[in-house]
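Engineer: Going line by line, the protein sequences match chains A and B.
Heads up, the first sequence is in our numbering, so the first residue is 120 and it goes up one at a time.
Heads up, the second sequence is in our numbering, so the first residue is 120 and it goes up one at a time.
Even for Gly, the Cβ is constructed at its ideal location relative to N, Cα and C.
Since the structure is predicted, the reported quantities are computational estimates derived from the model, not experimental observations.
2 protein chains.
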Amino acid sequence: MEIEGRKRVVIENVKPEIDCGLFPIKRAVGEKVVVEADIFADGHDSVSARLLYKKGNDEVWSEVPMIFIENDRWRGEFRVQEIGDYYYTVEGWVDHFKTWQKDIKKKFEAGQDIGVDVLIGIGYIEGALKRAKGDDKKRLMHIISSLKNSSPEEVPLIAFSNELVELMDKYPDRSLSTRYEKKLRVVVDRERALFSAWYERFPRSCSSQPGRHGTFKDCEGILPEIARMGFDVLYLPPIHPIGKTNRKGKNNSPVAQPDDVGSPWAIGSEEGGHKSVHPQLGTIEDFVSLVNKAKEYNIEIALDLAFQCSPDHPYVREHPEWFRWRPDGTVQYAENPPKKYEDVLPLNFETENWRELWEELKSIVVFWIEKGVRIFRVDNPHTKPFRFWKWLIEEIKRDYPDVIFLSEAFTRPKVMYHLAKAGFTQSYTYFTWRNTKREFIEYLTELTQTEVREYFRPNFWPNTPDILPEHLQFGGRPAFMMRLVLAATLSSNYGIYGPVFELCVSEALPGKEEYLNSEKYEIRYWDWDQPGNLKDFIARVNRIRRENPALQTTWNLKFFEVDNEYILFYGKVNEDLSNIILVVVNLDPHHTQSGWVRVPVSELGIEPNQPYLVHDLLSEDKYIWQGEYNYVELNPHVIPARIFRVRKRLRKETDFDYFM
Amino acid sequence: MEIEGRKRVVIENVKPEIDCGLFPIKRAVGEKVVVEADIFADGHDSVSARLLYKKGNDEVWSEVPMIFIENDRWRGEFRVQEIGDYYYTVEGWVDHFKTWQKDIKKKFEAGQDIGVDVLIGIGYIEGALKRAKGDDKKRLMHIISSLKNSSPEEVPLIAFSNELVELMDKYPDRSLSTRYEKKLRVVVDRERALFSAWYERFPRSCSSQPGRHGTFKDCEGILPEIARMGFDVLYLPPIHPIGKTNRKGKNNSPVAQPDDVGSPWAIGSEEGGHKSVHPQLGTIEDFVSLVNKAKEYNIEIALDLAFQCSPDHPYVREHPEWFRWRPDGTVQYAENPPKKYEDVLPLNFETENWRELWEELKSIVVFWIEKGVRIFRVDNPHTKPFRFWKWLIEEIKRDYPDVIFLSEAFTRPKVMYHLAKAGFTQSYTYFTWRNTKREFIEYLTELTQTEVREYFRPNFWPNTPDILPEHLQFGGRPAFMMRLVLAATLSSNYGIYGPVFELCVSEALPGKEEYLNSEKYEIRYWDWDQPGNLKDFIARVNRIRRENPALQTTWNLKFFEVDNEYILFYGKVNEDLSNIILVVVNLDPHHTQSGWVRVPVSELGIEPNQPYLVHDLLSEDKYIWQGEYNYVELNPHVIPARIFRVRKRLRKETDFDYFM
């Protein structure tokens with residue numbers, strides 16, 4: 120018998136624990152890790168339990184007590200304070216002293232003789248005495264002598280005295296304690312992993328002069344306005360040389376005209392590959408300058424990692440073994456029959472030289488990290504092996520734990536979730552295609568209230584260069600405003616693809632969700648200040664996000680009732696209820712919708728008979744509400760949403776100034 | 120990089136899998152194991168998957184294909200045929216041949232040139248050719264030559280031909296397949312673990328002559344009637360010598376009178392301990408004779424394993440280190456303050472000599488196994504360490520895989536479930552205290568439709584020597600009939616404590632669920648043929664169970680609608696729908712209740728416009744029903760339940776004879 124048969128405590132059903140601990144949970148600096156477990160022993164003995172946690176490879180565990188909730192469920196929590204890995208586990212033991220306390224009280228109350236029990240209790244305290252240090256020894260000895268000299272009436276008082284409880288808690292007998300068999304991992308990211316506003320823009324379309332190819336210098340020129348709008352990540356589609364062979368023409372035409380610029384995702388030409396920049400954008404030095412200039416505006420440049428090659432990519436010549444070759448000697452281009460993507464060659468991850476391929480791809484990431492990039496948006500990660508991503512992200516984060524990877528995968532749910540488990544910091548979502556109240560509630564509940572939230576950090580995009588969703592094609596400006604508010608308040612991470620978003624560009628290829636004259640295949644020039652643009656509105660929404668901590672996390676989302684299927688009503692509060700945000704959104708971009716919302720006043724710490732002020736941070740309108748049911752009306756042609764900050768009344772006076 | 124980076128398939132969320140595979144699932148011989156898993160790869164390549172299973176330490180896995188269901192979920196199943204351990208796991212791989220099939224079809228339909236693709240396909244077939252054996256080589260070579268000489272129109276026909284599909288399925292390329300990392304265990308028990316009817320009786324109260332201590336010979340005398348009632352397990356409370364020190368008197372009185380017989384659970388006296396029999400019951404040889412006689416009636420004798428001792432037990436003298444000693448030199452009796460059980464000493468499982476204690480307890484089980492016992496009802500297992508049970512049951516089942524352990528634990532849900540995970544074959548349940556329709560539906564749904572069913576086999580007891588539930592105290596004979604039907608049809612394992620059950624004994628200690636003048640503390644004499652006894656009714660219910668396979672498992676339970684809160688309506692069907700049982704029970708023992716049941720005709724394979732016969736196997740009443748809604752009326756003073764066998768019409772004629 121190799122086991123220790125006297126360990127009587129069972130620890131099971133530990134949460135969070137992803138796939139039996141195979142994958143870590145995710146947190147941002149400052150967030151809590153709340154751990155629950157079923158902890159119990161045989162018999163009626165009392166149990167004590169602690170949550171153990173530590174940073175990285177620390178030798179010593181920190182401990183916090185776990186508290187009994189109900190039905191053998193216990194809970195403890197700790198806060199992560201630094202970037203990198205944390206670990207946690209659980210320990211529990213039969214606590215004979217606590218059992219003794221409980222029993223002696225019952226016996227005393229039943230009028231039973233407790234003479235022998237006092238001696239038994241002294242035995243437990245003497246055990247603690249052996250483990251105690253310094254002054255605590257004296258304190259325990261003093262208690263022992265009090266117990267020896269006490270009358271039966273005094274015994275329960277001493278047994279439950281704060282001093283004894285504290286000392287016994289400090290020196291428990293854990294010789295037969297059960298340690299949960301797994302060390303569970305937390306990957307702690309920096310705050311921007313949790314709270315970020317992304318702006319995507321094609322640099323070649325950023326020229327200040329029509330007719331000229333945009334440059335990194337041009338990108339520097341638009342930084343002030345991007346900052347004014349309130350974004351803190353500027354994501355650039357691939358900036359590398361673009362292949363010429365099988366280059367696509369405008370609107371994805373299979374044949375390019377001589378002046379067509381090609382898709383930036385057809386990476387690589389005789390001018391270089393993934394570690395080069397497109398000469399017309401500028402030089403590597405220009406790029407580094409952009410990165411640094413952006414930092415002055417608190418904006419980070421995010422690059423696109425598209426691990427694929429144009430037929431002209433140097434890799435094709437230098438590493439033919441990284442590609443698939445067909446029996447006729449031609450190279451295999453990307454395809455999803457009957458669709459062909461002849462300007463792009465997929466990498467063959469089944470090559471026998473996969474190790475070299477992996478290392479080279481890693482070196483691309485390191486190359487850009489060394490140029491100052493710490494955020495990567497990964498193109499089509501679902502077409503490369505999951506094992507590769509797990510390895511790559513772990514390798515990178517070991518040396519650069521502040522790097523953020525956003526997974527661009529609009530694929531099957533389990534594939535998307537697995538990419539997040541494999542290590543992606545943030546993930547694209549199905550938000551882009553959710554429209555109805557029921558769809559929002561179901562999907563957001565899945566993202567924020569199930570285990571998914573432990574590893575999958577959503578990043579909501581109303582549009583992308585690949586997707587101009589139908590509601591934006593047909594809903595007009597109100598639809599753009601509505602989708603912006605939804606993305607920015609439902610999720611703490613969101614992004615837009617501009618300037619087509621703020622300019623409310625809605626022309627699509629007929630019957631498709633593709634932009635007409637997409638920037639993917641041509642250079643466009645935009646009048647950014649065109650009338651009706653949403654820049655001020657976006658700036659306001661982003662300022663509201665920055666000023667209200669409740670909007671800086673996603674888990675705190677709760678949906679509330681409203682008697683209109685076109686109105687979505689939800690709220691977010693911060694931990695101490697000092698910041699309460701209620702959002703109502705009209706999902707109908709065409710008609711004014713109104714209804715009675717049901718405010719969960721008791722959850723928000725509002726007395727039923729006390730009025731409270733709701734301050735719409737979008738319109739600056741203020742209303743005094745009372746009780747649960749209150750009226751809202753939303754005209755999409757004015758503003759299709761309200762973002763109320765709730766201000767509770769501090770004094771009896773009704774003057775607004777007395778609302779906090 | 121130690122990993123194989125080219126393995127692209129992910130296998131996760133494998134079900135059933137209990138606590139990450141820490142505990143096995145349970146099956147009885149002949150039952151199916153249905154395994155599901157999420158299986159997917161990157162990209163758009165097709166995936167193939169197999170369920171692998173094997174018996175015990177077999178070297179070679181058997182395989183069955185897994186079938187794609189939806190949303191990356193796959194399913195496969197196998198049937199266990201022998202007692203002992205089985206293992207299962209899952210394997211999946213990227214199937215380039217299947218991808219090729221799919222793609223070539225799409226390309227052909229899109230009118231694309233498939234010349235090179237045919238060569239690629241031939242490459243895959245040549246791969247299979249290398250793995251193929253015997254005639255299959257010739258068949259594959261023939262197909263290759265057909266493909267080489269085929270016109271484009273013929274290619275898809277050959278690609279999807281049955282012969283090629285079969286051969287490629289027989290010789291797939293699994294060189295980069297992913298095997299799920301765990302081997303998951305199934306403990307396969309004999310059929311009685313799944314389908315059993317228990318009868319509990321105190322042997323000392325079995326005397327045919329009032330005034331005489333019952334004996335094993337007396338027990339032999341009542342076997343024919345127990346068999347006639349249809350029971351197949353006769354469970355005897357402890358049969359060992361009973362201690363005299365602190366012996367309890369009648370009705371658990373703390374002081375025994377000289378003629379008081381004591382509780383059989385106060386095991387051990389100078390006449391012996393757990394390996395001895397109480398002299399007044401007879402000898403070990405008499406017991407063996409009872410075991411053998413019972414077998415003639417297809418009845419197994421189940422013994423009680425109560426691992427505790429009277430103060431007079433030989434262990435106290437021989438192994439004082441197995442008990443707790445108090446500072447005053449006295450031995451610690453069992454207590455749950457303020458309650459004291461001074462006739463019983465608990466074993467101290469925290470003793471340093473726990474190894475010897477465990478071995479001795481194991482030797483008790485082996486002792487009785489060698490006397491022919493294969494079923495044990497374990498008393499209060501929740502007061503001994505879980506690790507001990509896991510060890511004990513595994514040790515025993517390694518040598519005697521046909522042994523059944525029933526866990527008597529009415530404790531917290533997680534404790535009960537953990538005992539089942541630790542190895543108990545069957546378990547007591549909260550059925551005894553479930554009364555309302557909602558309670559039954561909630562509890563039975565938990566037991567039969569959640570993961571619990573994989574390891575927790577319920578055994579439903581309407582009463583026990585410790586529990587005369589309130590509904591039996593006040594509900595009269597109809598309540599006994601109702602509880603019997605519920606226990607016997609909701610659960611395939613059930614038991615009653617007789618003869619008090621079939622005699623409808625309902626007198627309790629005031630305000631308690633304890634029997635008045637309980638047999639636990641005194642010898643009782645019963646007129647087993649007393650008017651109003653339920654023996655014939657029980658015999659009928661047990662015969663219905665034996666004759667209807669649908670009632671011989673518990674998982675197939677489904678609840679159906681009925682518009683009366685006092686009527687419970689549920690059904691069970693066997694796999695091929697040849698046996699359909701519908702049960703209606705009046706939960707009100709006082710009043711006639713009626714209502715409209717909603718029969719799920721389409722689930723049962725009945726056409727909406729076709730009448731069907733429902734044959735009440737309790738009353739022999741027959742009704743012709745049609746469609747979903749049909750009327751029932753249950754007078755508890757006649758029979759408070761109906762157990763309908765549904766007979767579908769075979770021919771158009773309405774004559775009853777034409778119902779199967």
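Leaving out the 5 sequence neighbours to the left and right, which residues in its chain are closer than 7 Å to residue 103 of chain B when beta-carbon positions are compared?
Structural biologist: Beyond the ends of chain B as shown, which are 120 and 779, falls residue 103 of chain B; an answer cannot be given.
Engineer: Assuming residue 220 of chain A is part of the alpha helix (DSSP H), what are its boundary residues?
Structural biologist: Taken as a continuous stretch (DSSP letters only), the alpha helix (DSSP H) holding residue 220 of chain A covers 215 to 228.
Engineer: Taking the C-alpha atoms as reference points, what is the distance between residue 88 of chain B and residue 534 of chain B?
Structural biologist: In the structure as shown, chain B begins at 120 and stops at 779. Residue 88 of chain B is therefore absent and cannot be evaluated.
Engineer: Could you tell me whether any Cβ in chain A is nearer than 9 Å to the Cβ of residue 423 of chain B?
Structural biologist: no
Engineer: So if DSSP puts residue 203 of chain B in a beta bridge, which residue, or which two residues, is it bridged to?
Structural biologist: B/307
Engineer: The region 135 to 162 of chain A: which residues have C-beta closer than 7 Å to a C-beta of chain B, in chain order?
Structural biologist: Look at the region 135 to 162 of chain A: the residues with a C-beta under 7 Å from a C-beta of chain B are 138, 139, 157, 159, 161, 162.
Engineer: Chain A partners of residue 131 of chain B, CB-CB under 9 Å?
Structural biologist: 138, 141, 533, 537, 540
Engineer: What residues from chain B crowd round residue 409 of chain A, counting only those whose CB sits closer than 9 Å?
Structural biologist: Those do not exist, as residue 409 of chain A stays about 33 Å from chain B at its closest Cβ, beyond 9 Å.
Engineer: Roughly how many whole angstroms lie between the Cα atoms of residue 320 of chain B and residue 408 of chain B?
Structural biologist: 17 Å
Engineer: Does the beta-carbon of residue 649 of chain A have 16 or more other beta-carbons within 10 angstroms, so that it is buried, or is it exposed?
Structural biologist: exposed
Engineer: Comparing C-alpha positions only, which one of A/177, A/463, A/689 sits nearest to residue 560 of chain A?
Structural biologist: A/689
Engineer: Measuring CB to CB, does residue 204 of chain A end up less than 9 Å from residue 307 of chain A?
Structural biologist: yes
Engineer: With a threshold of 16 other CB atoms inside 10 Å of the CB of residue 188 of chain A, please say whether the residue is buried or exposed.
Structural biologist: exposed
Engineer: Taking just the CA atoms, how far does residue 414 of chain A sit from residue 336 of chain A?
Structural biologist: 15 Å
Engineer: Please list the terminal residues of the continuous alpha helix (DSSP H) segment that includes residue 568 of chain B.
Structural biologist: 556 to 568 is the extent of the alpha helix (DSSP H) around residue 568 of chain B.
Engineer: Quick one, which residues of the region 468 to 487 of chain B are near chain A if we go by CB-CB under 7 Å, in chain order?
Structural biologist: 468, 469, 473, 474, 477
Engineer: Enumerate, from N- to C-terminal direction, the unbroken beta strand (DSSP E) stretches of 3 or more residues contained entirely within the region 692 to 727 of chain A.
Structural biologist: Counting whole runs of 3 or more residues, the region 692 to 727 of chain A contains the beta strand (DSSP E) stretches 699 to 705, 712 to 717.
Engineer: For residue 591 of chain A, which of A/421, A/257, A/623, A/259 has the nearest alpha-carbon?
Structural biologist: When C-alpha distances from residue 591 of chain A are compared across A/421, A/257, A/623, A/259, the shortest belongs to A/623.
Engineer: Say whether the region 365 to 375 of chain B touches the region 634 to 653 of chain B, bearing in mind that this needs 3 or more beta-carbon pairs closer than 8 Å, one atom from each stretch.
Structural biologist: yes
Engineer: Under the rule that 16 or more other beta-carbon atoms within 10 Å means buried, what is residue 778 of chain B, buried or exposed?
Structural biologist: At residue 778 of chain B, the pLDDT of 49 sits below 50, so the modelled position is not reliable and the matter cannot be decided from this model.
Engineer: Between residue 142 of chain A and residue 519 of chain A, which are expected to be in contact by the criterion C-beta below 8 Å, what is the C-beta distance as a whole number of angstroms?
Structural biologist: Actually they do not touch by this definition, with Cβ atoms about 20 Å apart.
Engineer: Measuring only between beta-carbons, confirm whether residue 231 of chain A sits less than 9 Å from chain B.
Structural biologist: yes
Engineer: Residue 575 of chain A by DSSP, collapsed to three states: which one?
Structural biologist: coil
Engineer: Just curious, the alpha helix (DSSP H) that residue 482 of chain B is in, first and last residue?
Structural biologist: Where residue 482 of chain B is concerned, the enclosing alpha helix (DSSP H) stretches over 473 to 488.
Engineer: Can you tell me whether DSSP reads residue 745 of chain A as helix, strand or coil?
Structural biologist: strand
Engineer: How many angstroms separate the CA atom of residue 703 of chain B from the CA atom of residue 146 of chain B?
Structural biologist: 28 Å
Engineer: Which residues in chain B sit within 8 Å of residue 122 of chain A, going by Cβ to Cβ distance?
Structural biologist: 506, 510
Engineer: Compare the beta carbon distance of residue 156 of chain B and residue 246 of chain B with 9 Å and say whether it is the shorter of the two.
Structural biologist: no
Engineer: Which runs of the beta strand (DSSP E) fall wholly inside the region 366 to 454 of chain B and span at least 3 residues, in chain order?
Structural biologist: 419 to 424
Engineer: Quick one: which residues of the region 286 to 310 of chain A get their C-beta closer than 8 Å to a C-beta of chain B? List them in chain order.
Structural biologist: 295
Engineer: Within the chosen definition, does the region 378 to 396 of chain B reach the region 277 to 285 of chain B through at least 3 CB pairs nearer than 8 Å?
Structural biologist: Short answer: they don't touch.
Engineer: With burial defined as no fewer than 16 other Cβ atoms inside 10 Å of the residue's Cβ, what is the status of residue 432 of chain B: buried or exposed?
Structural biologist: buried
Engineer: Leaving out five residues on either side along the sequence, give the residues of the same chain with a beta carbon under 7 Å from the beta carbon of residue 608 of chain A.
Structural biologist: 670, 702, 762
Engineer: If we define contact as Cβ-Cβ less than 9 Å, is residue 235 of chain B a contact residue for chain A?
Structural biologist: Closer than 9 Å: yes.
Engineer: Find the residues of chain A that neighbour residue 238 of chain B, judging by a C-beta separation of less than 8 Å, and give them in chain order.
Structural biologist: Residues of chain A whose Cβ lies closer than 8 Å to the Cβ of residue 238 of chain B are, in chain order, 445, 446, 447.
Engineer: Run through the DSSP bridge pairs and tell me what residue 208 of chain A is partnered with.
Structural biologist: A/171
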